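In what follows, a single structure is set out as structure tokens and then discussed.
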Amino acid sequence: MNALISVSDKTGIVEFAKSLHALGIKLLSTGGTAKLLADQGLPVTEVAELTGFPEMLDGRVKTLHPKVHGGLLARRDLPEHMAAIKQHGIDTIDLLVVNLYPFESTVAKAGCTLEDAIENIDIGGPAMVRSAAKNWKDVAVLTDASQYAQVLAELKDGGLTLKTKFALSVAAFNRISQYDGAISDYLSSIQFDEAASVPARSLFPAQANSQFTKLQDLRYGENPHQSAAFYRDLYPAPGSLVTAVQLQGKELSYNNIADADAAWECVKSFDTPACVIVKHANPCGVAVGVDALESYSKAFATDPTSAFGGIIATNCTVDERAALQMAKQFIEVLMAPAFTPEALAVFKSKVNVRILQIALPAGGATDWDNGRNAMDVKRIGSGLLMQTADNHILKLADLKVVTKLQPTPEQLQDLMFAWTIAKFVKSNAIVFCKGGMTMGVGAGQMSRLDSARIASIKAEHAGLSLKGTAVASDAFFPFRDGLDVVVDAGATCVIQPGGSMRDQEVIDAADERGVAMVYSGVRHFRH
């Protein structure tokens, strides 16, 4: 049995090769890998010796030879194949271990030149991987160090099963697809300038080659007659929903995952203890507090009716006190960075509640913004809409006061809080807030007036007074009537983007009604 080893990432390769040698498997290798194995005292034949041709063109050509590809592609069950390779003095290669030049990590480095990128495009490696993967019944192909242990265990147990060989082949073709996709993405994004040492890159490459790995099949999709599955990015950002560990509860549904992501992305916007309750993709209650208990209690008070069967996300540890309060209600999903053992014990009897723990990024909660999606995509008929994600963070210094009345420091704090929430509410969005909690949320209406009225109705049903509240509108008020509705409800200050043809009319109305109004200069449509 012959094994050909040619790896850029040499993690675990010496130990693996030693184990192969102990099993009586002959080792073939290339360049640096061959030297490494030989330095460890392993008997290894260089590919140049096998082919009779030296590596050439600075290593660009070394394995592109019939003695390599014939050994990989010959079908052992076809006598004519075996006769052909015997006639030409070609030995079979039964095990291929290859990981590719580090193209992805090379182009991810600041200052990567086009020349650096090109020289890190592997040619011979993918060709060998494809040959071996095509001939999977006869050749096992390993493309990642994580595969070494299982392969060794099976070899020691008598040989690799066809099931394992097929799985290795699928993984190999997936790796080639990922690799070629990365090359295409990079080169398609290059804005060629012969004079530039580091080429400029477009945010939107000429061809997009997104790659995702399936985490699980789902029972059904948005509705029971739809099929669905859950995928994640190849390299998920730390602190994102797809990294969650489910500690208890039923299998997550399609809608659970969609709502959980909406809640988690919203709660990540706060650097103080916060809680977000989501229902049907919209926050129905958001609040900050000294801990999980206070922030949850305030968020729940916004809209207890909608919170029934909701998705809860908190950005701080859930302790027993918070858990006891949360457990009084029907919850679909609860997410947090950590749970105390006592908190988990509270939910043990509620076996259907899905508990998700999502570890903080290495840099802590303040590093969450670095893990946000850089792009948003939306499927349309036979196409895709792609845009940079709405990751804009408003600062106090960005605000422009447009009324005679200046907002107080407390009002500015409420306005900033309301604006943060409005970004996560479906348009048209109107959000009333006060004292670090939502007081009324109007979402997803065709008319901004209706969203404002709905927010007022919800506050009334929850027994909350909107007197003295701050209001955020995700887009400008096209007429003064929208402003009048929120002021009639009790708002004393408003934040909106501005930009309407009738801005002055709305400003005059605010002055007439004696409220403060600030412009953010940024719109937050969310469809």
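When we follow this note's numbering, the leftmost residue of the sequence shown carries the number 6, and every step to the right adds one.
We put the CB at the ideal spot given by N, CA and C, even for glycine.
These numbers come from a predicted model, not from an experiment.
#### Entry: Boundaries of the beta strand (DSSP E) in which G447 is found, first to last residue
As a position in the sequence shown, residue 447 is number 442, starting the count at 1. Element bounds for G447: M442 to G447.
#### Entry: Status (buried if at least 16 other CB within 10 Å, exposed otherwise) for Q231
By 1-based counting over the sequence shown, the position of residue 231 is 226. That one is exposed.
### Query
What are the boundary residues of the beta strand (DSSP E) that D222 is part of?
On the sequence shown, position 217 is the one that residue 222 refers to. First-last of the beta strand (DSSP E) with D222: F217 to L223.
### Query
Going straight from the alpha carbon of R326 to that of V281, what length do you get?
For the purposes of this step, residue 326 is taken as residue 321 along the sequence shown, with counting starting at 1. For the purposes of this step, residue 281 is taken as residue 276 along the sequence shown, with counting starting at 1. About 17 Å.
### Message
Buried or exposed, going by whether 16 or more other CB atoms sit within 10 Å of the CB of A312?
### Response
Residue 312 sits at position 307 when you count from the first residue of the sequence shown. Its Cβ being crowded by 16 or more others within 10 Å, A312 is buried.
#### Entry: Span of the alpha helix (DSSP H), counted from its first residue to its last, around R485
The residue labelled residue 485 in the question sits at position 480 within the sequence shown. Start and end: R485 to A494.
### Closest Cα partner of Q196 within the set G186, E465 and L208
Locating residue 196 in the sequence shown gives position 191, counting from the first residue. The shortest Cα separation from Q196 among G186, E465 and L208 belongs to L208.
### Query
If we count Cβ pairs, one from each stretch, closer than 8 Å, do we get three or more for the segment 301-315 versus the segment 282-292?
yes
### Message
Buried or exposed for A477, going by 16 or more other Cβ atoms inside 10 Å?
### Response
Here the question's residue 477 lines up with position 472 in the sequence shown. Classification for A477: buried.
### Message
Applying the 10 Å Cβ sphere with the 16-neighbour rule, what's the burial state of Q92?
### Response
The residue given as residue 92 occupies position 87 in the sequence shown. Q92 should be labelled exposed.
### Query
Within 10 angstroms of its Cβ, does S354 collect 16 or more other Cβ (buried), or is it exposed?
One-based indexing of the sequence shown puts residue 354 at position 349. So S354 counts as exposed.
### Query
What are the boundary residues of the alpha helix (DSSP H) that includes V250?
By 1-based counting over the sequence shown, the position of residue 250 is 245. Where V250 is concerned, there is no enclosing alpha helix (DSSP H), although the beta strand (DSSP E) it sits in stretches over V250 to Q253.
### Query
Grouping DSSP H, G and I as helix and E and B as strand, with all else coil, what is K472?
Working through the sequence shown from its first residue, we reach residue 472 at position 467. Coil, per DSSP.
### Query
Cβ of S34 within 8 Å of Cβ of E60?
Position 29 of the sequence shown holds residue 34. Position 55 of the sequence shown holds residue 60. No, these two residues do not count as a Cβ contact at 8 Å.
### Message
Taking DSSP's pairing of strands, which residues face R206 in a bridge?
### Response
Here residue 206 is taken as the residue at index 201 of the sequence shown, counted from 1. Bridge partners of R206: I195.
### Query
Start and end of the beta strand (DSSP E) containing N287?
Counted from its first residue, the sequence shown places residue 287 at position 282. It spans N287 to V293 - the beta strand (DSSP E) in which N287 sits, taken as one unbroken run.
### Task
Can you check the segment 76-118 for any beta strand (DSSP E) of at least 3 residues that lies completely inside it and give the ranges in chain order?
100-104
### Task
Report the option in T248, N261, R81 and F530 whose CA atom is closest to the CA atom of R237.
By one-based count along the sequence shown, residue 237 stands at place 232. Closest option to R237, Cα to Cα, is T248.
### Task
Give the range of the alpha helix (DSSP H) segment to which V52 is assigned.
Position 47 of the sequence shown holds residue 52. That run of the alpha helix (DSSP H) goes V52 to T56.
### G75 classed as buried or exposed, judged by whether at least 16 other C-beta atoms fall within 10 angstroms
On the sequence shown, residue 75 is found 70 positions in, with the first residue counted as 1. Counting Cβ neighbours within 10 Å, G75 comes out buried, since at least 16 surround it.
### Query
Is any heavy atom in the ligand FAD found nearer than 7 Å to the beta carbon of A205?
What this structure holds is no ligand at all, so the ligand FAD is not there to describe.
### Query
Comparing the C-beta of E124 with each C-beta of chain B, is any distance below 8 Å?
The structure shown contains no chain B; it holds only a single protein chain.
### Task
Taking S13 and P107 to be in contact with their CB atoms under 8 Å, please state how far apart those CB atoms are, rounded to whole angstroms.
Reading the sequence shown from its first residue, position 8 is the one you call residue 13. Reading the sequence shown from its first residue, position 102 is the one you call residue 107. Between P107 and S13 the Cβ distance is about 6 Å, and since that is below 8 Å, they are a contact.
### Task
Return the first residue and the last residue of the beta strand (DSSP E) that K383 is part of.
Locating residue 383 in the sequence shown gives position 378, where the first residue counts as 1. Looking at the DSSP string, the run of the beta strand (DSSP E) that includes K383 is M380 to I385.
### Message
Taking the alpha carbon of K463 as the reference point, which residue from P309, A515, T497 and D185 has its own alpha carbon closest?
### Response
Here the question's residue 463 lines up with position 458 in the sequence shown. Among P309, A515, T497 and D185, the Cα nearest to that of K463 belongs to P309.
### Message
Could you tell me the alpha carbon to alpha carbon distance between F21 and G29, rounded to whole angstroms?
### Response
For this step, residue 21 is matched to residue 16 along the sequence shown. For this step, residue 29 is matched to residue 24 along the sequence shown. Those two C-alpha atoms are separated by around 13 Å.
### Message
Please report the straight-line C-alpha distance between A213 and S387, rounded to a whole angstrom.
### Response
As a position in the sequence shown, residue 213 is number 208, starting the count at 1. As a position in the sequence shown, residue 387 is number 382, starting the count at 1. Approximately 14 Å between the Cα atoms of the pair.
### Task
Identify the continuous alpha helix (DSSP H) that holds Y2 and give its terminal residues.
As shown, the chain starts at 6 and ends at 532. That puts residue 2 outside it, with no answer to give.
### Query
Does the segment 417-429 touch the segment 496-516, meaning 3 or more C-beta pairs lie closer than 8 Å?
yes
### Query
Got a sec, what are the start and stop residues for the alpha helix (DSSP H) M391 sits in?
What you label residue 391 is simply residue 386 of the sequence shown in a count that begins at 1. That residue, M391, is in no alpha helix (DSSP H); its beta strand (DSSP E) goes G388 to T393.
### Task
Write down the C-beta distance between R531 and V407 rounded to the nearest angstrom, noting that I regard them as a contact closer than 8 Å.
Within the sequence shown, residue 531 is the residue found at index 526, counting from 1. Within the sequence shown, residue 407 is the residue found at index 402, counting from 1. Not confirmed; about 24 Å, so no contact.
### Message
Can you give me the C-alpha to C-alpha distance between Y191 and S136, rounded to a whole angstrom?
### Response
Stepping through the sequence shown from its first residue, residue 191 is reached at position 186. Stepping through the sequence shown from its first residue, residue 136 is reached at position 131. Spanning the two alpha carbons is a distance of roughly 25 Å.
### Query
With distances taken from CA atoms, which of R180, N378, F335 and L69 is nearest A267?
Residue numbering aside, residue 267 sits at position 262 when the sequence shown is read from its first letter. The residue with the shortest Cα to Cα distance from A267 is N378.
### Query
Skipping 5 residues on each side, what residues in its chain have a beta carbon closer than 8 Å to that of V323?
The residue given as residue 323 occupies position 318 in the sequence shown. Excluding positions up to five away in sequence, the list reads A297, M331, L339, A341, A343, F344, T345 and A348.
### Task
Count the other C-beta atoms from every protein chain shown that fall within 10 angstroms of the C-beta of P412, then say buried if there are 16 or more, exposed otherwise.
Your numbering for residue 412 matches position 407 in the sequence shown. The residue in question, P412, is buried, as its Cβ has 16 or more Cβ neighbours within 10 Å.
### Query
With respect to the beta strand (DSSP E) encompassing S456, which residues constitute its N-terminal and C-terminal limits?
Taking the sequence shown and counting its residues from 1, the one referred to as residue 456 is at position 451. No beta strand (DSSP E) holds S456; the alpha helix (DSSP H) holding it covers R453 to H466.
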